[in-house]
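Residue numbers (our numbering), protein chains in the order written: chain A, 4 to 210; chain B, 4 to 210.
As structure tokens, then:
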């Protein structure tokens with residue numbers, strides 16, 4: 004959604020407006036992520052982006068639409084990074100699960116990290132009708148399915164339960180980072196996920 | 004903080020103002036939990052509570068102060084429920100860990116459930132100076148320590164790592180409920196926690 008909109012704007016009247024839309028988008032994405040969506044108003048976004056309010060509304064019908072566009076971009080980035088990572092990882096489900104967890108764990112050590120943009124926005128917008136919620140729900144369903152597609156290749160009795168357990172550990176690492184920071188329980192992400200996979204494999208082996 | 008303030012108000016000019024402060028507090032707590040803290044303004048709280056704005060400010064110096072009071076009450080309630088639950092549970096660390104996870108899992112099946120008030124507010128207010136953050140950080144440190152005090156009684160090599168893994172699973176169940184609801188990965192809370200404890204015990208047994 005974001006890219007399409009930015010392209011449309013660019014086509015309408017060339018470079019200048021495209022740059023304004025891009026500046027709005029990048030500024031909003033940064034502010035929403037670091038301070039929260041509701042904490043940041045449209046006035047602050049246009050002021051910080053150095054554009055006029057009509058420029059924002061030419062590119063995005065509403066703040067909610069801008070929020071959804073930012074989330075789509077986050078989803079696209081994570082999907083691209085994970086696709087590339089898995090393409091570079093040996094074709095082994097266990098190693099690929101580890102690679103996914105290590106990828107997220109590495110992000111959490113960045114001083115800039117403030118949880119998952121999707122999960123944060125889901126907390127701020129409980130209403131089912133918000134345009135961002137569709138993006139969030141598809142992205143998280145994709146994560147769940149990506150983990151499930153790997154656990155289903157493991158010698159375990161209930162791969163979907165294991166995948167859901169891994170979702171809990173991953174979401175928990177993102178959520179607890181808001182409270183304890185990177186040195187808290189989040190630091191146990193990879194180890195905990197690994198231990199859970201072990202438990203499922205061991206349980207299937209002995210039964 | 005909440006109760007002390009409500010009592011002070013009651014002492015100042017008797018029942019009427021105490022009731023107004025209580026109504027503000029209960030209304031705010033309910034609105035903050037269901038809709039989010041930033042989504043709810045002081046005007047909406049006083050309108051819904053049927054009191055005047057000065058009544059709110061006589062009881063709470065600011066909205067932030069009211070938020071902190073609501074969080075303190077949530078922390079107090081959870082602490083009280085868990086203390087009572089553990090007093091009624093057989094003195095066995097494994098059973099007590101299960102009881103804690105079952106307690107949270109049961110809460111998650113309520114149609115009224117919208118995650119953890121503490122964790123939600125931590126997402127909305129990243130700034131370290133917010134009066135609510137102290138309450139959140141102490142409450143979560145207490146949860147971590149409560150789990151640690153039980154894992155340290157288990158035959159495991161690294162009880163603190165296990166406790167942190169359980170924090171991740173618990174926080175993940177609360178967080179993923181915002182996206183998938185009660186039938187999503189959150190439904191695996193008790194089973195995942197149990198499997199992780201098994202893994203740690205098994206790993207210490209064979210090593």
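Quick reminder that beta carbons are idealized off the backbone N, C-alpha and C, glycines included.
Could you give the first and the last residue of the continuous alpha helix (DSSP H) run that contains residue i?
i             : result
residue 209/B : 192 to 209
residue 131/B : Segment: none, residue 131/B is in no alpha helix (DSSP H) and carries neither H nor E.
residue 165/B : 162 to 183
residue 59/B  : 56 to 62
residue 51/A  : 45 to 52
So, for residue i: in the same chain, excluding its five sequence neighbours on each side, which residues have a beta-carbon less than 8 Å away from its beta-carbon?
i             : result
residue 49/B  : 27, 55, 56, 58, 59
residue 197/A : 101, 104
residue 107/B : 173, 176, 177, 192
residue 206/B : 159, 160
residue 85/A  : 103, 106, 149
residue 35/B  : 43, 70, 73, 120, 124
residue 147/B : 166, 167, 170
residue 51/B  : 30, 34
Helix, strand or coil: which one does DSSP assign to residue i?
i             : result
residue 93/B  : coil
residue 40/B  : coil
residue 115/B : coil
residue 159/B : coil
residue 20/B  : Confidence at residue 20/B is low in this model, with a pLDDT of 48, below 50, so its placement is unreliable and the value that follows should be read with caution. If DSSP states are grouped into helix, strand and coil, residue 20/B belongs with the helices.
residue 151/B : helix
residue 189/A : helix
residue 77/B  : helix
residue 141/B : helix
residue 65/A  : coil
residue 84/A  : helix
I think residue i touches residue j, with their Cβ atoms under 8 Å apart; what is that distance to the nearest whole Å?
i             : j             : result
residue 245/A : residue 24/A  : Within the shown structure, residues of chain A are numbered from 4 to 210, placing residue 245/A beyond reach of any answer.
residue 29/B  : residue 82/B  : Between residue 82/B and residue 29/B the Cβ distance is about 19 Å, and since that is not below 8 Å, they are no contact.
residue 1/B   : residue 199/A : Lying before the first or after the last residue shown, residue 1/B is absent from chain B, which here runs from 4 to 210.
residue 138/A : residue 98/A  : Residue 138/A to residue 98/A, Cβ: 30 Å. No contact.
residue 67/A  : residue 133/A : 6 Å
residue 127/B : residue 127/A : 6 Å
residue 187/A : residue 129/B : About 15 Å separates the two Cβ atoms, so there is no contact after all.
residue 41/A  : residue 42/B  : 6 Å
residue 31/A  : residue 69/A  : 5 Å
Label residue i either buried or exposed according to how many other C-beta atoms from any shown protein chain fall within 10 Å of its C-beta, with 16 as the threshold for buried.
i             : result
residue 112/A : exposed
residue 181/A : buried
residue 125/A : buried
residue 184/A : exposed
residue 167/A : buried
residue 114/A : exposed
residue 135/A : buried
residue 93/B  : exposed
residue 210/A : exposed
residue 53/B  : exposed
residue 208/A : exposed
residue 90/A  : exposed
residue 64/B  : exposed
Grab me the residues of residue i's own chain with a C-beta within less than 7 Å of its C-beta, minus the 5 sequence neighbours each way, in chain order.
i             : result
residue 4/B   : Bear in mind that a pLDDT of 41 at residue 4/B, under 50, signals an unreliable position, so the number given afterwards is only what the model happens to contain. Closer than 7 Å at the Cβ level, and outside the excluded window around residue 4/B, lie 71, 72, 75.
residue 37/A  : 117
residue 110/A : 116
residue 151/B : 162, 163, 166
residue 22/B  : none
residue 195/B : 172
residue 179/A : 187, 188, 189
residue 204/A : 157, 158, 159
residue 215/A : Given that chain A is displayed from residue 4 to residue 210, the structure contains no residue 215/A and the question cannot be resolved.
By Cβ distance below 6 Å, which residues in the same chain neighbour residue i in space, the five residues on each side in sequence not counted?
i             : result
residue 156/B : 96
residue 122/A : 177
residue 169/B : 150, 196
residue 295/A : Nothing in the structure corresponds to residue 295/A, since chain A is present only between 4 and 210.
residue 10/A  : Legend: pLDDT at residue 10/A = 42, less than 50; position of this residue unreliable, value from coordinates given subsequently. Same-chain partners within the cutoff: there are none.
Regarding residue i and the ligand ADP, is the C-beta to nearest heavy atom distance less than 7 Å?
i            : result
residue 61/A : Judged by which ligands are present, the structure shown has none, so any question about the ligand ADP falls away.
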